[in-house]
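For the protein sequence lines, the chains are S and G, in the order given. The first sequence begins at 6 in my numbering and counts up by one. The second sequence begins at 463 in my numbering and counts up by one. First up is the structure itself, then whatever we jot down about it.
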Amino acid sequence: KAGVTQTPRYLIKTRGQQVTLSCSPISGHRSVSWYQQTPGQGLQFLFEYFSETQRNKGNFPGRFSGRQFSNSRSEMNVSTLELGDSALYLCASSRTGFDEQYFGPGTRLTVT
Amino acid sequence: ILNVEQSPQSLHVQEGDSTNFTCSFPSSNFYALHWYRWETAKSPEALFVMTLNGDEKKKGRISATLNTKEGYSYLYIKGSQPEDSATYLCAFIVGATNKLIFGTGTLLAVQP
Numbered sequence: 006k007a008g009v010t011q012t013p014r015y016l017i018k019t020r021g022q023q024v025t026l027s028c029s030p031i032s033g034h035r036s037v038s039w040y041q042q043t044p045g046q047g048l049q050f051l052f053e054y055f056s057e058t059q060r061n062k063g064n065f066p067g068r069f070s071g072r073q074f075s076n077s078r079s080e081m082n083v084s085t086l087e088l089g090d091s092a093l094y095l096c097a098s099s100r101t102g103f104d105e106q107y108f109g110p111g112t113r114l115t116v117t
Numbered sequence: 463i464l465n466v467e468q469s470p471q472s473l474h475v476q477e478g479d480s481t482n483f484t485c486s487f488p489s490s491n492f493y494a495l496h497w498y499r500w501e502t503a504k505s506p507e508a509l510f511v512m513t514l515n516g517d518e519k520k521k522g523r524i525s526a527t528l529n530t531k532e533g534y535s536y537l538y539i540k541g542s543q544p545e546d547s548a549t550y551l552c553a554f555i556v557g558a559t560n561k562l563i564f565g566t567g568t569l570l571a572v573q574p
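Okay, structure coming up:
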């Protein structure tokens, strides 16, 4: 069965711009979680969606938002980009959100 | 602030050595503990999801134990092989929030 896909894989943006990242989960998975990874910080939880509803949110500013569509695909948006938003953004899908997560390849965002 | 700590930060072993890592997490309000393996240029891959105190799980040469009362989990690799080289991450789920809090990982390098 097809794995989790993320697009785009790489992105370069300028400070102040906004960006939208996309994640397609494994078929049948209703939960999609987003994580940010920066050097030395490890994976930081951004938010989780289940059946189009945000169930949990991490400690990130309101510039980070997301949504989930009826087909479980999810998008994450970051507005007014800052240099510190440069990171690897991973999404992961699971059946319930509590079981094992299947990660996508990530989107590498560079903000200049 | 909930903290998940992993030790050691990195480990270099010879092929055939057995090794183990530690994951420490808050013992209150425990829900589940996940272990993931993250190889370079790949996505994190789930190893184990553990929920019960005293749980022991095994997958080939890799096994894990869980002590929820004292807040730690051990991951063991028996007879390390070069293909075991990766970062091993543990993640704690608090309460029933399904919000994974990741440790910063243990980087394992196995020399042939």
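Quick reminder that beta carbons are idealized off the backbone N, C-alpha and C, glycines included.
Extent of the continuous beta strand (DSSP E) run through residue i
i               : result
T10 of chain S  : T10 to T12
R499 of chain G : F492 to W500
S486 of chain G : T481 to S486
E532 of chain G : Segment: none, E532 of chain G is in no beta strand (DSSP E) and carries neither H nor E.
R113 of chain S : T112 to V116
T101 of chain S : Run containing T101 of chain S: none; DSSP gives neither H nor E here.
F564 of chain G : L562 to F564
S469 of chain G : E467 to S469
Q106 of chain S : Looking at the DSSP string, Q106 of chain S is not in any beta strand (DSSP E), and its letter there is neither H nor E.
S472 of chain G : S472 to Q476
A571 of chain G : T568 to Q573
K18 of chain S  : Y15 to K18
S79 of chain S  : S79 to V83
Local conformation of residue i per DSSP, three classes
i               : result
L514 of chain G : coil
L88 of chain S  : helix
E507 of chain G : strand
E545 of chain G : helix
T554 of chain G : According to the sequence displayed, residue 554 of chain G carries Phe and not Thr. F554 of chain G falls in the strand class under three-state DSSP.
S75 of chain S  : coil
L464 of chain G : coil
S525 of chain G : strand
K540 of chain G : coil
Integer-rounded CB distance, given that residue j should sit under 8 angstroms from residue i
i               : j               : result
H496 of chain G : E53 of chain S  : The Cβ separation is near 14 angstroms, so there is no contact.
S542 of chain G : E501 of chain G : Actually they do not touch by this definition, with Cβ atoms about 14 angstroms apart.
S486 of chain G : G533 of chain G : 6 angstroms
G565 of chain G : V466 of chain G : 4 angstroms
Y538 of chain G : S480 of chain G : 7 angstroms
Q23 of chain S  : T85 of chain S  : 7 angstroms
V9 of chain S   : A92 of chain S  : Actually they are not in contact, since the Cβ atoms of V9 of chain S and A92 of chain S sit about 18 angstroms apart, beyond 8 angstroms.
E80 of chain S  : G67 of chain S  : That pair is no contact at about 16 angstroms.
C-beta neighbour in chain A for residue i, strict 9 angstroms
i               : result
R499 of chain G : The structure shown contains no chain A; the protein chains it does contain are S and G.
Within the region 21 to 70 of chain S, note down every full alpha helix (DSSP H) run reaching 4 residues or more, in order along the chain. none
Members of the region 487 to 510 of chain G near chain S, C-beta cut-off 7 angstroms: A494, H496, S505, P506 and A508
If the cut-off is 9 angstroms on Cβ atoms, which residues from the region 90 to 109 of chain S count as contacting chain G, listed in chain order? L95, A97, S99, T101, G102, F103, D104, E105, Q106, Y107, F108 and G109
Residues of the region 58 to 85 of chain S in Cβ contact with chain G at a cutoff of 9 angstroms, in chain order, please. R60, N61, K62, G63 and N64
Using a Cβ-Cβ cutoff of 7 angstroms, what residues of the region 557 to 569 of chain G are near chain S? List them in chain order. T559, N560, K561, L562, I563, F564, G565, T566 and G567
Could you name the residues of the region 44 to 56 of chain S whose beta carbon sits closer than 7 angstroms to any beta carbon of chain G, in the order they occur along the chain? G47, L48, F50 and E53
For the region 534 to 560 of chain G, list every residue whose C-beta sits within 9 angstroms of some C-beta in chain S, in sequence order. L551, A553, I555, A558, T559 and N560
Which residues, in chain order, does the region 26 to 37 of chain S contribute to contact with chain G at a C-beta distance below 9 angstroms? S36
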